[in-house]
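> The structure follows.
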Amino acid sequence: MLDKVYYDDLETRSSDARHAAQLEAVNAQLTRVAHADGSCLPDIGKLKYLEDLAHLPVLRKSELAKWQAEKPPFGGLPVANVAHVFQSPGPIYEPGGISHDWWRMGRFLHAAGFGPGDVVQNCFGYHLTPAGMIFESGARAVGATVLPAGTGQTELQVTAARDVGSTAYAGTPDYLKVILDKADEMGVPLSISKAAVGGGALFPSLRQEYADRGISCMQSYATADLGNIAYESPAMEGMIVDEGVVVEIVTPGTGDPVAPGDVGEVVVTSLNPDYPLIRFATGDMSAVMPGHSPCGRTNMRIKGWMGRADQTTKIKGMFVRPEQVAALVARHDEVTRARVIARRDGQQDAMTVQIETAGGDAGAYADSVAATLKLKGAVELHAPGSLPRDGLVIEDQRSYD
94 MLDKVYYDDL ETRSSDARHA AQLEAVNAQL TRVAHADGSC LPDIGKLKYL EDLAHLPVLR
154 KSELAKWQAE KPPFGGLPVA NVAHVFQSPG PIYEPGGISH DWWRMGRFLH AAGFGPGDVV
214 QNCFGYHLTP AGMIFESGAR AVGATVLPAG TGQTELQVTA ARDVGSTAYA GTPDYLKVIL
274 DKADEMGVPL SISKAAVGGG ALFPSLRQEY ADRGISCMQS YATADLGNIA YESPAMEGMI
334 VDEGVVVEIV TPGTGDPVAP GDVGEVVVTS LNPDYPLIRF ATGDMSAVMP GHSPCGRTNM
394 RIKGWMGRAD QTTKIKGMFV RPEQVAALVA RHDEVTRARV IARRDGQQDA MTVQIETAGG
454 DAGAYADSVA ATLKLKGAVE LHAPGSLPRD GLVIEDQRSY D
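In the numbering used here, the protein residues as written are 94 to 494.
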């Protein structure tokens with residue numbers, strides 16, 4: 094039987110206990126990947142510390158898609174217990190299992206107050222993409238009943254919600270409002286009092302509108318590849334990292350961890366033995382929050398979605414990528430950080446490269462800039478620690494109005 098407050102005792106364990114358990118699980122994942130027939134990854138042995146993950150390569154979706162094209166459908170990874178195969182844009186194929194809480198969404202739904210006696214109107218899609226199954230699996234894990242509604246046919250959604258007595262909603266943040274507004278138009282009272290949302294931005298004004306209607310709305314951060322990554326709790330202070338993943342925040346274009354509190358790309362290692370993804374780059378930006386949640390859950394917290402890490406920008410007709418900026422930094426031991434600024438100079442593009450270094454001559458870096466970025470631009474030198482820690486390595490200041 095579930096605890097009334099917490100999903101299980103993993104949520105309140107000590108940092109040392111969590112670290113030890115996750116290190117053991119990560120090493121087990123590395124062994125699975127290395128020993129798999131046709132594996133695309135080498136045997137790198139066991140890690141001594143969890144922080145040693147930072148020395149492993151980052152796996153990006155483009156690389157995973159390439160692996161899958163060469164060795165369909167899962168790129169040679171040791172996938173097990175496959176009950177469903179899903180397709181995401183790319184295309185990229187993801188496995189799905191039917192064992193208890195396979196995507197770990199039950200932890201979030203429990204925190205959001207879902208449980209036995211609830212009827213969940215699941216308005217995530219069930220076709221090709223896994224979101225509908227992800228939330229259905231989580232609802233089953235907490236003992237709730239599911240109405241597999243999907244999207245569209247809003248009048249039927251309202252009628253079904255009334256007839257089956259839906260008490261909870263799962264779906265994108267804005268579609269619940271569509272249903273509620275249609276119910277108002279039809280004069281149909283609904284009994285929805287809680288919502289678990291994802292797949293889009295939950296704006297504070299929309300959350301407040303739901304609260305004014307008596308609906309508690311919380312959001313999770315999940316992907317088709319990884320399942321649940323982080324989720325809100327009733328404390329409503331950031332998002333708590335799920336117990337089944339290891340999350341790192343790194344500089345976009347590299348695998349290098351950022352300083353605590355700095356914004357960077359979310360990189361996730363899944364501890365699901367059925368689908369071992371090691372240092373999988375989500376392309377999303379976030380930052381670590383200090384301390385523990387007031388709700389008592391002890392895992393790391395992140396600030397939630399803070400933009401996309403793929404800052405690739407076309408300047409003077411040429412693409413400049415975060416990986417190139419990282420390569421520029423790597424060329425010079427004394428350089429700690431670089432930032433590319435794209436501007437307009439009259440009717441033409443202009444590029445400025447800001448470089449953090451303890452000294453030197455801006456002109457001396459011009460050749461490195463041209464060789465690495467394949468463009469010439471102005472170079473500015475800045476003292477170490479003076480550039481913004483907002484996760485941007487390429488900043489486009491041009492107006493497109």
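The beta-carbon is built from N, C-alpha and C at its ideal position, and this holds for glycine as well.
(1) DSSP on residue 94, reduced to helix/strand/coil?
(2) Which value, in whole angstroms, describes the spacing of the CA atoms of residue 251 and residue 391?
(3) For the region 353-368 and the region 153-165, state whether three or more C-beta atom pairs, one from each stretch, are separated by less than 8 Å.
(4) With the cut-off set at 8 Å, would you say residue 219 and residue 243 are in Cβ contact?
(5) With a threshold of 7 Å, establish whether the CB of residue 439 neighbours any heavy atom of the ligand SAM.
(6) Extract the residue ranges of the alpha helix (DSSP H) inside the region 221-265, only unbroken runs of 4 or more that lie entirely within it.
(7) Helix, strand or coil: which one does DSSP assign to residue 482?
(8) Cβ of residue 237 within 8 Å of Cβ of residue 274?
(9) Assign residue 294 to buried or exposed, taking buried as 16 or more other Cβ atoms, counted over all protein chains shown, within 10 Å of its Cβ.
(10) In whole angstroms, give me the CA-to-CA distance for residue 463 and residue 449.
(11) I'd like the span of the alpha helix (DSSP H) that includes residue 119, first residue to last.
(12) Going by beta carbon distance, what residues of the same chain come within less than 8 Å of residue 115, once the five residues before and after it are set aside?
(13) Near residue 345, what residues of its chain come up, given a Cβ to Cβ distance below 7 Å and the 5 sequence neighbours on each side ignored?
(14) May I ask you to report which of helix, strand or coil DSSP gives residue 314?
(15) Just tell me which of 179, 323 and 452 has its CA closest to the CA of residue 225.
(16) Is it true that the region 323-338 meets the region 377-394, where meeting means three or more beta-carbon pairs spaced less than 8 Å apart?
(17) Quick one: which unbroken beta strand (DSSP E) runs of 3-plus residues sit fully inside the region 262-336? Chain order, please.
(18) Tell me which residue opens and which closes the beta strand (DSSP E) that residue 427 is part of.
(19) Roughly how many angstroms separate the alpha carbons of residue 139 and residue 384, rounded to a whole number?
(20) Measuring CB to CB, does residue 455 end up less than 8 Å from residue 477?
(21) Who are the Cβ neighbours of residue 481 in its own chain at under 8 Å, not counting the five residues just before and after it?
On the basis of the coordinates in this document:
(1) With a pLDDT of 33 at residue 94, under the threshold of 50, the modelled position of that residue is not reliable, and the figure given next carries that caveat. Residue 94: coil per DSSP, three-state reduction.
(2) Distance between the alpha carbons of residue 251 and residue 391: 39 Å.
(3) Short answer: they don't touch.
(4) Their beta carbons are under 8 Å apart, which means residue 219 touches residue 243 by this criterion.
(5) Here there are no bound small molecules, and the ligand SAM is not part of this structure.
(6) Every unbroken stretch of the alpha helix (DSSP H) spanning 4 or more residues and falling wholly within the region 221-265 is given here in chain order: 224-234 and 247-257.
(7) The three-state secondary structure of residue 482, taken from DSSP, is coil.
(8) In this structure, residue 237 keeps its C-beta atom at 8 Å or more from the C-beta atom of residue 274.
(9) Result: exposed.
(10) Looking at the two C-alpha atoms, the distance is approximately 17 Å.
(11) DSSP places residue 119 in the uninterrupted alpha helix (DSSP H) bounded by 108-128.
(12) Result list for residue 115: 143, 339 and 364, in chain order.
(13) The beta carbon of residue 345 sits closer than 7 Å to the beta carbons of 357, 358, 402, 404, 415, 484 and 486 from its chain, once the five residues preceding and following it are set aside; these are given in chain order.
(14) Strand.
(15) When C-alpha distances from residue 225 are compared across 179, 323 and 452, the shortest belongs to 179.
(16) In the pairwise beta carbon analysis, the region 323-338 is classified as touching the region 377-394: at least three pairs are separated by under 8 Å.
(17) Counting only runs of at least 3 residues, the region 262-336 fully encloses the following beta strand (DSSP E) elements, listed from N- to C-terminal order: 287-290, 309-316, 320-324 and 332-334.
(18) For residue 427, there is no enclosing beta strand (DSSP E), since its DSSP letter is neither H nor E.
(19) Each residue's Cα considered, the two are about 29 Å apart.
(20) By the CB criterion at 8 Å, residue 455 and residue 477 fall outside the cutoff.
(21) Closer than 8 Å at Cβ, skipping near neighbours: 432.
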